[in-house]
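From first to last, the protein sequence lines are chains A and B.
Mapping of the first sequence onto this note's numbering: position 86 corresponds to residue 87, and the numbering continues sequentially without gaps.
Mapping of the second sequence onto this note's numbering: position 164 corresponds to residue 165, and the numbering continues sequentially without gaps.
Worksheet for the structure shown next.
There are 2 protein chains.
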Amino acid sequence: MKLYDLDVSGNCYKVRLFASFIDIPLTIVPVDFLQGEHKEEALLQLNPWGEIPILEDGDIVLRDSQAILVYLANKYGGGAWWPSEAHLQADVMQWLSVASNEIKHGPGAARLIKKFGVDIDKTQALERAHKTLALIDNHLGKYNWLAANRPTIADCAVYPYISVAYEGNVIIDKYSNIKTWMERFQELPGYISMPGN
Amino acid sequence: MKLYDLDVSGNCYKVRLFASFIDIPLTIVPVDFLQGEHKEEALLQLNPWGEIPILEDGDIVLRDSQAILVYLANKYGGGAWWPSEAHLQADVMQWLSVASNEIKHGPGAARLIKKFGVDIDKTQALERAHKTLALIDNHLGKYNWLAANRPTIADCAVYPYISVAYEGNVIIDKYSNIKTWMERFQELPGYISMPGN
Numbered sequence: 002m003k004l005y006d007l008d009v010s011g012n013c014y015k016v017r018l019f020a021s022f023i024d025i026p027l028t029i030v031p032v033d034f035l036q037g038e039h040k041e042e043a044l045l046q047l048n049p050w051g052e053i054p055i056l057e058d059g060d061i062v063l064r065d066s067q068a069i070l071v072y073l074a075n076k077y078g079g080g081a082w083w084p085s086e087a088h089l090q091a092d093v094m095q096w097l098s099v100a101s102n103e104i105k106h107g108p109g110a111a112r113l114i115k116k117f118g119v120d121i122d123k124t125q126a127l128e129r130a131h132k133t134l135a136l137i138d139n140h141l142g143k144y145n146w147l148a149a150n151r152p153t154i155a156d157c158a159v160y161p162y163i164s165v166a167y168e169g170n171v172i173i174d175k176y177s178n179i180k181t182w183m184e185r186f187q188e189l190p191g192y193i194s195m196p197g198n
Numbered sequence: 002m003k004l005y006d007l008d009v010s011g012n013c014y015k016v017r018l019f020a021s022f023i024d025i026p027l028t029i030v031p032v033d034f035l036q037g038e039h040k041e042e043a044l045l046q047l048n049p050w051g052e053i054p055i056l057e058d059g060d061i062v063l064r065d066s067q068a069i070l071v072y073l074a075n076k077y078g079g080g081a082w083w084p085s086e087a088h089l090q091a092d093v094m095q096w097l098s099v100a101s102n103e104i105k106h107g108p109g110a111a112r113l114i115k116k117f118g119v120d121i122d123k124t125q126a127l128e129r130a131h132k133t134l135a136l137i138d139n140h141l142g143k144y145n146w147l148a149a150n151r152p153t154i155a156d157c158a159v160y161p162y163i164s165v166a167y168e169g170n171v172i173i174d175k176y177s178n179i180k181t182w183m184e185r186f187q188e189l190p191g192y193i194s195m196p197g198n
């Protein structure tokens, strides 16, 4: 199985992390992001959206880190990480949407601005980040895991950009429930960190 | 089954539309959005994120329109709209992420600015809208449906804010494949439109 990858991308890390949890070997294909390789014809053929990660598993080609988590958990995860029961699956799904939207446009965007100099609205990114983190912190005051009372792909989808939020000047010290959850998450067998973290 | 609803919300329409496709009766609970009822204690108890739709099915309470679609399709849809095969489910999931992110921050945001006077970056919303619509149009030049070669909750999640894109001054005339797909979608048994459309 091939992962078109960038080591400092939180979305790529998300896939490497989950593959490590379920002990699936990945062949890493580094993409020269700074040179715009993801916008060139070969990769656009695999993902017209011009983004990474991209997963290739035989004939299957998938874009979008949340979709890749669903695929891996469904096919190789044995039901633990992506429950089949409708209400539990939907519980996880709520957090996959948070990863696609609030996390991306909150701590994810703040990091893009600070670390990569991307020109997007900093005030808005920081506001969204702290609004989102406060809601997550409140939720984690009541539950050990984001969804379904156990570790799922919800945690895997939300964790990466929170773990590197400081790189966007989003300081998470006051979110004590998030900090405890991160420690709990890091103790799961197979956990790996972002490079440099 | 209760839906906390706002008639002009594309995300609420999404749930009403899919419930109509699979012929599930909903008890509609109108939320006084303009008066901020969704930010008051009673609704915050159901959804701390302060948003609608909210679905109540017995003891199950769900927020996020994509998660609600997954729940309804999984529990009541008989597998047609939300495939269980890993690669097809992931194919649908790619578009649920597009609904949560690109559609929300593209045509959805443009409509919020124009129709509801929300203070967000108009140029950015219009750019995102057309970039997203061009990618979807290109995809629909090759496929009749967004995912899995059949109507799924991917189409239900992406359609609503495209169908009312004109309310945000996002003109879709040049996206001929999208227009054909919309006509195809509107012919599905059980289709209902947004109020006023």
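Glycine included, C-beta positions come from ideal geometry on N, C-alpha and C.
What you are looking at is a predicted structure, and each value in this text was computed from that prediction instead of being measured.
Beta-carbon proximity list for B:Ser101, same chain, < 7 Å, skipping 5 on both sides: Locating residue 101 of chain B in the second sequence gives position 100, where the first residue counts as 1. Counting only Cβ-Cβ distances below 7 Å, and skipping sequence neighbours, we find Gln67.
Check whether the Cβ of A:Leu147 lies closer than 7 Å to any Cβ atom in chain B. In the first sequence, residue 147 of chain A corresponds to position 146, counting from 1. Closer than 7 Å: no.
Does DSSP put B:Lys3 in a helix, in a strand, or in coil? On the second sequence, residue 3 of chain B is found 2 positions in, with the first residue counted as 1. DSSP places B:Lys3 in strand when its eight states are reduced to three.
Where does B:Leu63 fall in DSSP's three states? Translated into positions along the second sequence, residue 63 of chain B becomes position 62. Secondary structure at B:Leu63: strand, using DSSP grouped into helix, strand and coil.
Below 7 Å between beta carbons: does that hold for A:Glu168 and A:Arg129? For the purposes of this step, residue 168 of chain A is taken as the residue at position 167 of the first sequence. For the purposes of this step, residue 129 of chain A is taken as the residue at position 128 of the first sequence. Taking 7 Å as the cut-off, the Cβ atoms of A:Glu168 and A:Arg129 do not count as close.
Can you list the residues of chain B that A:Val71 reaches, using a CB-CB cut of under 7 Å? Position 70 of the first sequence, counted from the first residue, corresponds to residue 71 of chain A. Neighbours of A:Val71 in chain B, taken as residues at a C-beta separation under 7 Å, are given in chain order as Gln90, Ala91 and Met94.
Count the C-beta pairs between the stretch 21 to 32 of chain B and the stretch 109 to 128 of chain B that are closer than 8 Å, then say yes if the count reaches three, no if not. Touching, no.
How would you write the range of the alpha helix (DSSP H) that B:Asp92 sits in, first residue to last? Position 91 of the second sequence, counted from the first residue, corresponds to residue 92 of chain B. If you look at B:Asp92, you'll find it in the alpha helix (DSSP H) that goes Ala87 to Val99.
Tell me which residue opens and which closes the beta strand (DSSP E) that A:Leu56 is part of. For the purposes of this step, residue 56 of chain A is taken as the residue at position 55 of the first sequence. Looking at the DSSP string, the run of the beta strand (DSSP E) that includes A:Leu56 is Ile55 to Asp58.
For B:Thr153, the three-state DSSP class (helix, strand or coil): Residue mapping note: residue 153 of chain B aligns to position 152 of the second sequence, counting from 1. Residue state for B:Thr153 is assigned as coil, using DSSP reduced to three classes.
Listed by chain order, chain B residues near A:Gln46 by CB distance under 7 Å: By 1-based counting over the first sequence, the position of residue 46 of chain A is 45. Under the 7 Å cutoff, chain B gives no residues; its nearest Cβ is about 12 Å from A:Gln46.
Beta-ladder partner(s) of A:Pro31, from DSSP: Looking up residue 31 of chain A in the first sequence gives position 30. According to DSSP, which records beta bridges pairwise, A:Pro31 is partnered with A:Asp6.
Can you tell me the Cα-Cα spacing of B:Trp146 and A:Ile172, whole angstroms? Here residue 146 of chain B refers to the residue found at position 145 when the second sequence is read from its first residue. Here residue 172 of chain A refers to the residue found at position 171 when the first sequence is read from its first residue. One alpha carbon belongs to B:Trp146, the other to A:Ile172, and they sit about 43 Å apart.
Distance, Cα to Cα, B:Lys180 vs B:Lys105? As a first step, residue 180 of chain B must be located in the second sequence, where it is residue number 179. As a first step, residue 105 of chain B must be located in the second sequence, where it is residue number 104. The C-alpha of B:Lys105 is placed about 19 Å away from the C-alpha of B:Lys180.
By the 10 Å Cβ neighbour count, where 16 or more other Cβ atoms means buried, how is A:Ala158 classified, buried or exposed? On the first sequence, position 157 is the one that residue 158 of chain A refers to. Per the 10 Å Cβ criterion, buried.
Determine the burial state of A:Tyr162: buried for a count of at least 16 other Cβ atoms within 10 Å of its Cβ, exposed for fewer. Working through the first sequence from its first residue, we reach residue 162 of chain A at position 161. The residue is buried, with at least 16 neighbouring Cβ atoms inside 10 Å.
Could you tell me if A:Gly85 is buried or exposed, where buried requires 16 or more neighbouring beta carbons within 10 angstroms of its beta carbon? By one-based count along the first sequence, residue 85 of chain A stands at place 84. One detail in the question is off: residue 85 of chain A reads as Ser in this sequence, not Gly. Its Cβ having fewer than 16 others within 10 Å, A:Ser85 is exposed.
Given 6 Å as the limit, tell me if B:Leu44 has its C-beta closer than that to any heavy atom belonging to the ligand FAD. The ligand FAD is not part of the structure shown, which contains no ligands of any sort.
Could you confirm whether any beta carbon from chain B is found closer than 7 Å to the beta carbon of A:Gln187? Within the first sequence, the letter at position 186 stands for residue 187 of chain A. No, no contact with chain B.
Residue nearest to A:Asp58 in terms of C-alpha spacing, selected from A:Gln36, A:Tyr5 and A:Asp174: Start at 1 with the first residue of the first sequence, and residue 58 of chain A comes out as number 57. Ranked by how close their Cα comes to the Cα of A:Asp58, the residues A:Gln36, A:Tyr5 and A:Asp174 have A:Tyr5 in first place.
Does A:Ser98 pass the burial test, meaning 16 or more other C-beta atoms within 10 Å, or should it be called exposed? As a working note, residue 98 of chain A is residue 97 in the first sequence. If you draw a 10 Å sphere on the C-beta of A:Ser98, you find 16 or more other C-beta atoms in it, and that means buried.
Counting only Cβ pairs nearer than 8 Å, list the residues of chain B close to A:Asp156. In the first sequence, counting from the first residue as 1, residue 156 of chain A sits at position 155. Chain B residues near A:Asp156: none, gap ~16 Å exceeds 8 Å.
Measuring only between beta-carbons, confirm whether A:Leu170 sits less than 7 Å from chain B. The sequence position of residue 170 of chain A within the first sequence is 169, counting from 1. Contrary to the premise, residue 170 of chain A reads as Asn rather than Leu in this sequence. Under the Cβ distance rule, A:Asn170 does not count among the residues neighbouring chain B, no pair being separated by less than 7 Å.
Here's a check: name, in chain order, each residue in its chain whose Cβ is nearer than 7 Å to the Cβ of A:Asn198, leaving out the five neighbours to either side. Along the first sequence, read from residue 1 onward, the residue named residue 198 of chain A stands at position 197. These residues qualify, in order along the chain: Ser164 and Val165.
Within the 7 Å Cβ cut-off, does A:Leu27 reach chain B? Within the first sequence, residue 27 of chain A is the residue found at index 26, counting from 1. No, A:Leu27 lies away from the interface with chain B (no Cβ there is under 7 Å from its Cβ).
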